[in-house]
Each structure stands twice: as C-alpha cells, then as structure tokens.
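These notes are about the structure you will find just below.
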Amino acid sequence: MDKTQIATIAITAIVSVVAKEVVTWLVSLAKNASAAKSLAAKAKAIFTRSHMEILASLLALMFYAGVLVNFARTDTPPTRLEILLIVGAVFAMLFVGLNLLWEIAKLQIARKKNAP
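Take the sequence shown: its position 69, counting from 1, is numbered 69 in this note's numbering, and each next residue is one higher.
This is how it looks when you write it as structure tokens:
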C-alpha cells in the first residue's frame with residue numbers, strides 16, 4: 001500500500017465517523033427536544049395548586065418526623081421544654097396529616113366531577 005491509499009482510507013474513515021457522530025447528535029437533539037416538551041407538560045400538570053398543597057403537607061410531615069427523630073436520638077434526658085416540643089410536634093403531625101387527607105379527598109372529588 002502506498003501513501004495515497006493509506007491517506008484515502010484514513011480520510012474515508014474520518015468522514016464516516018464524523019458523519020455517524022453528526023447523525024447520532026441530531027437524533028439525540030431531536031429526542032431531547034421532544035422529551036423537554038413532554039417534561040414541561042408533565043411538570044405543569046404536577047405542580048398545580050392542589051398538588052403544591054399536598055407537597056407542602058408532605059414536607060411538613062417529614063419536618064416534624066425529623067424533629068421527633070432528633071429528640072429520640074439525644075443521649076440526655078428530655079427537659080420540660082423538649083417534652084412540650086415533642087407534644088407540639090405530635091399534635092402538628094396529626095393536624096398536618098388530617099390536612100393532607102383532606103387535600104387528597106378534595107383532589108379525588110374534583111377528579112370524579114371532571115371525569116366523563
């Protein structure tokens with residue numbers, strides 16, 4: 001093989017690899033564009049007002065659960081203030097839990113009204 005044949009083979013290989021990568025990039029760009037549009041539509045459907053209220057209630061429940069776990073993991077005996085805070089956290093969890101159930105019930109009722 002002489003130098004021109006080797007150069008021709010190398011140039012052909014480079015062109016075919018570049019062409020393949022360009023096609024792969026264009027296909028992935030099209031997939032990402034369509035995925036972004038569908039993701040935006042799904043995010044808009046998820047983050048409605050009623051869903052945000054449910055998410056806020058879930059975050060509040062997780063916060064109060066974290067507070068109770070923090071009190072449970074301490075090595076010292078609880079003080080009077082900590083006992084009051086524990087009781088308050090339990091009542092807050094009950095209130096937020098009932099509020100969460102109420103929001104879910106409202107959402108289900110609204111879905112049944114809008115169903116065909």
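Heads up, the beta-carbon is just placed ideally off N, CA and C, and yes, glycines get one too.
In this text, all values refer to a predicted model and were calculated from it rather than measured experimentally.
Leaving aside the five residues before and after residue i along the sequence, list all residues of the same chain whose C-beta is less than 6 Å from its C-beta, in chain order.
| i | result |
| --- | --- |
| residue 91 | none |
| residue 68 | 89 |
| residue 86 | 71 |
Just to confirm before moving on: does the CB-CB distance between residue i and residue j stay below 9 Å?
| i | j | result |
| --- | --- | --- |
| residue 50 | residue 110 | yes |
| residue 103 | residue 54 | yes |
| residue 57 | residue 26 | no |
Tell me the residue span of the alpha helix (DSSP H) that contains residue i.
| i | result |
| --- | --- |
| residue 60 | 49-72 |
| residue 93 | 80-114 |
Under 8 Å Cβ to Cβ from residue i, same chain only, skipping five residues before and after it: list those, please.
| i | result |
| --- | --- |
| residue 65 | 93 |
Notebook entry, point to check: Is there contact here, the segment 79-96 with the segment 51-67, by at least three beta-carbon pairs under 8 Å?
Noted result: yes
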